[in-house]
Amino acid sequence: MGAQQRQTLIKPAFLQDINRLPARDVRQIMEKVTLLTRDPYVDNRAKKHLIHCPGKPLRLRSGDYRIFYSFNQQYVYIYKIDRRNESTYKECPEPDDMPSIDEIEDLEPARGRMTSFPPPMPPTPSPIPSRPLPAPPSQTANRPLPEPITTALLNRLHIPATYHRSLLQVKDEDALLTCSDVDDKVLLQLLDYLFGRPLLQVMQQPDLILNDVDDLQRYKDGDLLAFLLKLSPDQEKYVNWPLHANGPALVKGGPGTGKSTVALYRVRSLLQKLPGPARGAPRILFTTYTNALIKSSEQLLQQLLDDATFSCVRVYTADTVAEDILRYLGQEKELISSDDLNALLRQAIAEMPLEATLLQQKVRLQTLKRIGHEYLLQEINSILVARQVDSLEAYQHISRVGRKLPLTASQRTIVWRIYERWRELLQVTGKETWQQRRARAETLVAQTPFFASYDAVVIDEAQDLDPSALRMLVKLCKSPDRIFVTADANQSIYGSGFNWADVHEDLRFRGRTSILRTNYRSTRQIDEAAQSYLTSGELESEAVESQYINDGPRPRVLAVQNRAHEAQLLAHFFKSALRSQGLTLGSCAVLCPNKLAGRRIATALKGLNLQATYMTGRDLDLASPGIKVLTLNVSKGLEFPIVALAGFISSDYPAIPAEASPDERSEILARERRTMFVGMTRAMRELLIVVPVAYDTPLLQGFEPAYWNFEREL
């Protein structure tokens, strides 16, 4: 039984320990890892079961070190390495393995870990303060450093000399957490060294694949920069779906279930399965909705693929593809501004000929009053243009999924007549809308070399694409069985709210549709709170039983009086969360309703000596130090350990036209509720919502006490 060879999975903390070890000790650890893959079973000598430790791991003696691990029939999980001393078993004491007093005096002080990975899962949840701006609870209070930061220590940890001057001035944990001119990786390295990381927290880190134990030496020497993430069995199944099937594949799942990760790994799987060099290098298109997602996807693919295979992949937004198609044909048009678009709509309404009877004229006036201009413009763009409706007859029969305001046949006739005149007026200007640009590109793509030019197309976050954009992307692929789609209808921000049946002619999934159920990103508490908030704004009521990997503190909603108090609260929240999670400011994000609110908050946080930067989707830099301040729309597809939603004080979010009908108001609120939901589910470990004390929008209601801690400033 002991001779069975198992796959080795390692934690980021273990790699941090490898970097910390003296070179002479690495070979010894590598030999022990090899031993564990062959025989991980307890012998009550070198290998013991720590049954009193949370998670009940095992430990293996290796000279002066202890390797913590667990195993099953397929895998050995290597967690971390500790030098045997008085703190090695502090979390799970083992009397017969505790060192004597004499041994303790001869051992080095406890050390933490060098890190080059995003710090992961939280320790057990910490209590929530009962008021917005109290003194920090004792368990998260600012701590003095257990030993001073000296030049000798920094040199021993191989910290670049450029950071020494700033770090030598640090005297406590708070100062270390907020040291803005030092790289986050360096700060995390020092935090782990000085304060350590609980074993239970390490056990919840993501698994990395160790294919060859010699890779540990390569990593130590700097020749190997990263290890691949271990996918779950469900994720692997979808990644490795065969090429030759009856049509495209669709993977659905809620936030944090790893849809985008599966899509990225699918790219690698496709490159491995597609014909080799004899037929030329394959070409794969990876596409998603926003520029922010494009940037992060490129960075991840570069880690996943070598240079040769990465050169086979193009990473674009669907809109970039549409622009390239029209540019090639010399049919580019300028985009029209929203103000001009509204002016054309008002003109189209005014120029409609009067109906034959007074009753018909009355119906028309009632229809326009009920719908409102903004809703009418959305109907034209998201239904008629985006879905490429080509006749009144087709419009009369189309399903308007996602549109809460029902329209009768006579009302649809009025909308269609306005649309026809609006389209004529817009054509005269020589400009177009985004939806028109996508629809034109889909119609014209067959006239360009882009048509059927890719061996495979991977479409991530498809719920936010117009049907016309999806049809365009499908036409770029040589074969429909090489199309891979991920989607989650309830994360749709911009979306058309279409059914897959609306693009059925192009996307015949034919049984290759699956759902991811396990949330790997957020804690159970965050996801359940967000789901409870979403309930009234969901697009699909598909019942999916979620599963969770992580637990943490319950999300908080705090109501404050003004923007000054909001900034103080955010500063307090971030510092407290950083201490409890063992993270740095680079792990934090503030998500706001609009640019103005974002810039205000970034400025206010800087005034409180916290580095914060407002970023748009185009200038997003996830590696930037300090707090990232983004709009809710830009945050889609991203994730941050610590997140606050703020900027609602003195804000008109959501903007609802004064003339909006009750049905229109309901639809706008439902859409923005989904936007808030997307923001909430960006949080991995801790989440805070800051709302004004006095508010009258249903958007900031629905925080059920069973899932949220709601506190109000007195």
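1 is the number of the first residue of the sequence shown in my numbering; add one for each residue after it.
All C-beta atoms, glycine included, are put in the ideal place defined by N, C-alpha and C.
Just the C-alpha distance for residue i and residue j, rounded to the nearest angstrom, thanks.
i: Thr448; j: Glu323; result: 12 Å
i: Val723; j: Leu384; result: The shown model of the chain, from 1 to 714, leaves out residue 723, and the question about it has no answer.
i: Ile414; j: Gln204; result: 58 Å
i: Phe195; j: Glu173; result: 9 Å
i: Gly598; j: Ala441; result: 34 Å
i: Asp106; j: Lys220; result: Bear in mind that a pLDDT of 33 at Asp106, under 50, signals an unreliable position, so the model cannot answer this.
i: Gly254; j: Thr513; result: 14 Å
i: Glu332; j: Ser296; result: 28 Å
i: Ser536; j: Ala462; result: Residue placement at Ser536 cannot be trusted, given a pLDDT of 48 that sits under 50; what the coordinates show is reported in the next sentence. So the two alpha carbons sit approximately 22 Å from each other.
i: Ser651; j: Leu569; result: 18 Å
i: Gly586; j: Leu687; result: 15 Å
i: Glu147; j: Leu153; result: 10 Å
i: Ile627; j: Tyr454; result: 39 Å
i: Glu538; j: Arg674; result: With a pLDDT of 46 at Glu538, under the threshold of 50, the predicted position of this residue should be treated as unreliable, though the coordinate-derived value follows. Each residue's alpha carbon lies about 7 Å from the other.
i: Trp434; j: Val458; result: 22 Å
i: Asp96; j: Ala23; result: In this predicted model, Asp96 has a pLDDT of only 45, less than 50, meaning its place in the structure is not dependable; the value taken from the coordinates is given anyway. Going from the Cα of Asp96 to the Cα of Ala23 covers about 30 Å.
i: Thr584; j: Ser532; result: 30 Å
i: Glu716; j: Asp663; result: Within the shown structure, residues of the chain are numbered from 1 to 714, placing residue 716 beyond reach of any answer.
i: Ser338; j: Ala706; result: 42 Å
i: Arg412; j: Gln347; result: 19 Å
i: Ala409; j: Ala658; result: 26 Å
Determine, using beta carbons only, whether residue i and residue j come nearer to each other than 8 Å.
i: Leu274; j: Leu476; result: no
i: Val560; j: Cys592; result: no
i: Lys171; j: Ile515; result: no
i: Asp466; j: Thr288; result: no
i: Val485; j: Glu566; result: no
i: Arg556; j: Glu711; result: yes
i: Phe71; j: Arg6; result: yes
i: Arg283; j: Thr523; result: no
i: Ala623; j: Tyr614; result: no
i: Arg554; j: Trp708; result: yes
i: Gly330; j: Arg521; result: no
i: Ile294; j: Met352; result: no
i: Gly637; j: Ser269; result: no
i: Ile371; j: Arg387; result: no
i: Leu377; j: Leu426; result: no
i: Pro40; j: Val76; result: yes
i: Asp82; j: Tyr65; result: yes
i: Arg197; j: Gly582; result: yes
i: Ile67; j: Lys11; result: no
i: Asp481; j: Pro248; result: yes
i: Phe640; j: Cys588; result: yes
i: Ala646; j: Val693; result: no
i: Tyr375; j: Leu407; result: no
i: Gln217; j: Met472; result: no
i: Ala452; j: Lys478; result: yes
Could you check how far apart the C-beta atoms of residue i and residue j are, in whole angstroms? I think they sit under 8 Å.
i: Asp17; j: Lys80; result: 6 Å
i: Pro625; j: Asp183; result: 7 Å
i: Ser468; j: Arg438; result: 5 Å
i: Ile291; j: Arg618; result: In the sequence on display, residue 291 carries Asn and not Ile. Contact holds; Cβ gap of about 5 Å.
Residue i: beta carbon under 7 Å from a heavy atom of the ligand ATP?
i: Ala386; result: No copy of the ligand ATP appears in this structure; indeed no ligand is present at all.
Following the continuous alpha helix (DSSP H) through residue i, name the residue where it begins and the one where it ends.
i: Asp82; result: Asp82 -> not in any alpha helix (DSSP H); beta strand (DSSP E) instead, spanning Tyr75 to Arg83.
i: Ile526; result: Arg524 to Leu534
i: Arg514; result: Per the sequence shown, the amino acid found at residue 514 is Ser instead of Arg. No alpha helix (DSSP H) contains Ser514, which is instead part of the beta strand (DSSP E) from Thr513 to Leu516.
i: Glu566; result: Arg563 to Gln581
i: Met352; result: Premise fails: Met352 is in no alpha helix (DSSP H) and is neither H nor E.
i: Lys369; result: Leu358 to Ile371
i: Phe68; result: First-last for Phe68: Tyr65 to Phe71, but that is the beta strand (DSSP E), not the alpha helix (DSSP H).
i: Leu470; result: Pro467 to Lys475
Can you tell me where the beta strand (DSSP E) with residue i in it begins and where it stops?
i: Met615; result: From DSSP, Met615 is part of no beta strand (DSSP E); its letter is neither H nor E.
i: Thr443; result: Per DSSP, Thr443 belongs to no beta strand (DSSP E); it is in the alpha helix (DSSP H), Trp434 to Leu444.
i: Thr413; result: Note, Thr413: premise wrong, no beta strand (DSSP E); alpha helix (DSSP H) at Ala409 to Thr429.
i: His397; result: Element bounds for His397: not the beta strand (DSSP E) but the alpha helix (DSSP H), Leu392 to His397.
i: Val485; result: Ile483 to Ala487
i: His158; result: Unbroken run through His158: none, as it is neither H nor E.
i: Tyr548; result: Gln547 to Asn550
Tell me, please, whether the stretch 572–586 touches the stretch 610–625 by the rule of three or more beta-carbon pairs shorter than 8 Å. yes
Decide yes or no for the touch test of the stretch 674–681 against the stretch 525–534: beta carbon pairs closer than 8 Å, at least 3 of them. yes
Does the stretch 204–215 come within contact of the stretch 147–162, defined as at least 3 CB pairs closer than 8 Å? no
Quick check: the stretch 306–322 against the stretch 657–672, are there 3 or more CB pairs under 8 Å? no
Could you say if the stretch 232–239 and the stretch 30–37 meet the contact criterion of at least three C-beta pairs nearer than 8 Å? no
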